[in-house]
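In what follows, a structure is listed as structure tokens, so that the remarks can point back to it.
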Amino acid sequence: MTDPPDGRHQRFDEGRNTWLARLGNLRNVVRQELVARQLRDALAELLPPGPLTVLDVGCGQGTQSLLLARAGHDITGVDTSPEMLAAFVDALGAEEAAVRERVVLVESDVRSLPADGSFATYDVVLCHGVLMYLDDPEPALTALCAATRDGGLLSLVARNREAMAMRHGLRRQWARALEAFDATDYVNELGVAARADSIDDLTRRMAGYGLAVARWHGVRVLTDTVPLEEPLPPPDELALLLDAEERAGRTDPYRRVAPLVHLLATRP
Numbered sequence: 041m042t043d044p045p046d047g048r049h050q051r052f053d054e055g056r057n058t059w060l061a062r063l064g065n066l067r068n069v070v071r072q073e074l075v076a077r078q079l080r081d082a083l084a085e086l087l088p089p090g091p092l093t094v095l096d097v098g099c100g101q102g103t104q105s106l107l108l109a110r111a112g113h114d115i116t117g118v119d120t121s122p123e124m125l126a127a128f129v130d131a132l133g134a135e136e137a138a139v140r141e142r143v144v145l146v147e148s149d150v151r152s153l154p155a156d157g158s159f160a161t162y163d164v165v166l167c168h169g170v171l172m173y174l175d176d177p178e179p180a181l182t183a184l185c186a187a188t189r190d191g192g193l194l195s196l197v198a199r200n201r202e203a204m205a206m207r208h209g210l211r212r213q214w215a216r217a218l219e220a221f222d223a224t225d226y227v228n229e230l231g232v233a234a235r236a237d238s239i240d241d242l243t244r245r246m247a248g249y250g251l252a253v254a255r256w257h258g259v260r261v262l263t264d265t266v267p268l269e270e271p272l273p274p275p276d277e278l279a280l281l282l283d284a285e286e287r288a289g290r291t292d293p294y295r296r297v298a299p300l301v302h303l304l305a306t307r308p
């Protein structure tokens with residue numbers, strides 16, 4: 041079966057309910073908050089001010105899209121999963137009318153958007169947590185880069201191949217750590233088959249479509265091995281934790297061993 045390039049392949053559907061149930065847990069909150077901070081800083085420093093057009097491919101429950109809509113940007117959210125879009129609609133219902141009016145949701149994959157009449161080029165293109173569910177990232181990257189207009193920004197969050205052994209090593213799973221050094225495929229924390237990409241390979245692929253990585257960050261460097269159901273700590277502790285994670289995510293050598301990488305690429 042060919043994977044749809046927005047990543048909502050049937051493999052993710054196997055872990056969808058688990059993903060939704062864990063949204064408020066520490067690991068997911070750290071991931072979403074770090075990506076939001078990194079994206080916010082990149083938008084402020086790399087793009088002109090003013091309302092931006094945003095395409096969120098594989099938008100899921102809409103965490104990042106809603107943050108951007110609240111900031112005044114216009115969002116087109118795309119996902120192949122009606123269940124994930126339903127979660128987005130539920131969250132959208134709690135927003136003010138001005139925010140709701142800035143969001144358009146499309147049940148589709150990115151290849152079908154031209155036929156929908158919804159496809160264009162955008163100031164900002166998001167693709168977070170999608171590539172790991174694709175056998176081949178190339179069709180997705182082709183579409184994502186094509187959707188990024190001149191002067192625009194592509195925000196890509198992917199599983200870091202260079203850190204595959206780290207999680208198992210920290211959990212004292214020595215045999216699995218040894219296997220992971222040479223692995224691309226793995227089973228993720230949702231119990232779903234997935235794959236990883238290297239920073240250098242993604243950078244090279246995007247350069248082939250005219251995009252240059254302006255900056256990249258590690259995501260969840262310090263908290264990757266906390267228990268899957270770990271709840272949030274008290275607010276003061278959470279604030280310190282997030283600041284430490286943010287620092288680690290932009291500092292070598294720590295960011296190199298992050299389980300997820302956030303690449304921000306611009307088209308000159």
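Quick note: to get our numbering, add 40 to the position in the sequence shown (first position is 1). Ideal placement from N, C-alpha and C gives every residue a C-beta, glycine not left out. None of these values were measured; they are calculated from a predicted model.
Beta-carbon proximity list for residue i, same chain, < 6 Å, skipping 5 on both sides
i	result
Thr116	Leu95, Val144
Leu79	Ser195
Phe221	Ala205
His168	Val197
Neighbourhood of residue i by C-beta distance below 7 Å, restricted to the same chain and skipping five residues each side
i	result
Arg295	His257, Gly258, Val261, Ala288, Gly289
Ala286	Checking the sequence shown, residue 286 turns out to be Glu, not Ala. Only Leu74, Arg77 meet the Cβ criterion.
Leu230	Gly55, Thr58, Trp59
Ala127	Leu60, Gln101
Exposed unless 16 or more other CB atoms sit within 10 angstroms - verdict on residue i
i	result
Leu280	exposed
Arg71	buried
Ala203	buried
Candidates the options: closest to residue i by CA position
i	options	result
Gly192	Gln72, Pro89, Thr58	Pro89
Val164	Ala217, Asp190, Asp176, Ser238	Asp190
Ala109	Ala126, Pro91, Gly98, Leu278	Pro91
Arg211	Ala234, Pro293, Thr263	Thr263
Ser238	Met204, Ala220, Asn200	Asn200
Gly248	Val227, Asn68, Leu181, Asp292	Leu181
Ala160	Ala183, Gly169, Thr243	Ala183
Arg245	Cys185, Ala61, Pro273, Ala233	Cys185
Glu269	Leu171, Ser148, Gly64	Gly64
Check: residue i C-beta below 7 Å from any heavy atom of the ligand ATP
i	result
Trp214	In terms of ligand content, the structure shown is empty, and the ligand ATP therefore cannot be addressed.
Contact set for residue i: own chain, Cβ-Cβ below 8 Å, skip 5 residues either direction
i	result
Val129	Leu145
Practice task
Pick out the complete alpha helix (DSSP H) segments inside the stretch 174 to 210, 4 residues or longer, and give them in chain order.
Solution key: 178 to 187, 204 to 210
Problem - Completely contained alpha helix (DSSP H) runs for the stretch 222 to 261, where each covers 4 or more residues - result: 239 to 247
Exercise for the section: Would you mind listing the beta strand (DSSP E) stretches within the stretch 279 to 306 that are 3+ residues and don't spill past its ends, in chain order? Expected result: 300 to 306
Problem - Length at least 3, wholly inside the stretch 82 to 107: the beta strand (DSSP E) runs in chain order - result: 93 to 97
Exercise for the section: Give a yes or no on contact between the stretch 296 to 307 and the stretch 240 to 255, applying the rule of three or more CB pairs nearer than 8 Å. Expected result: Flag = yes, the stretch 296 to 307 and the stretch 240 to 255 touch.
Practice task
Examine the Cβ distances between the stretch 134 to 141 and the stretch 119 to 126 and report whether three or more of them are shorter than 8 Å.
Solution key: no
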